[in-house]
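Asks:
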Amino acid sequence: MAIIDLEYDTNGLVCGRLTIGKDNIIVIADEAVYQFFGNGSLYPVDKLVYEEDRVSFLNLSQNRDNKDSIIIRFKRSDGVYRWCVAFAVNRNLVVNEQ
């Protein structure tokens, strides 16, 4: 499982946390995450992360590439992809929206 922290700037965007299970589906999320991604459903990673970024994202979450960070695109509830920086921190992922 990987924990992802979403940290946003001071322009009214909120902080949130989600947990991705072994099957690459979000299994736990807080209200801030649902504001960003949409309703309270569980989401597979392949619907949230841009197709070309999925392998890198999953490799980072499972420490396969020994990388500390990557740049990926996350899909918002309005369907728009936003660039994020994902940081690996002790098996956790911290994602900052750009």
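Numbering follows our numbering, with no gaps: position 62 of the sequence shown is 55.
Yeah, the Cβ is synthetic: ideal placement off N, Cα and C, and Gly gets one too.
Everything numeric in this text was worked out from a predicted model, so none of it was measured.
With a cut-off of 8 Å on the beta carbons, I'd call Asp39 and Arg66 a contact; round off their distance for me.
Replies: Your numbering for residue 39 matches position 46 in the sequence shown. Your numbering for residue 66 matches position 73 in the sequence shown. Rounded, the Cβ-Cβ distance is 13 Å, inconsistent with contact.
Asks: First and last residue of the beta strand (DSSP E) that includes Ser62?
Replies: Here residue 62 corresponds to residue number 69 of the sequence shown, with the count starting at 1. Here the beta strand (DSSP E) through Ser62 covers Ser62 to Lys68.
Asks: Quick check on DSSP: helix, strand or coil for Tyr36?
Replies: Here the question's residue 36 lines up with position 43 in the sequence shown. Of the three classes helix, strand and coil, the one that applies to Tyr36 here is coil, per DSSP.
Asks: Alpha helix (DSSP H) containing Asn52: first to last residue?
Replies: Here residue 52 corresponds to residue number 59 of the sequence shown, with the count starting at 1. Note, Asn52: alpha helix (DSSP H), Arg47 to Ser54.
Asks: Beta-carbon within less than 6 Å of Lys15's beta-carbon, same chain only, minus the 5 sequence neighbours each way: which residues are those?
Replies: As a first step, residue 15 is located in the sequence shown; it is residue number 22 there, counting from the start. Nothing meets the Cβ criterion.
Asks: Run through DSSP, which three-state label would Val42 get?
Replies: Translated into positions along the sequence shown, residue 42 becomes position 49. Val42: strand per DSSP, three-state reduction.
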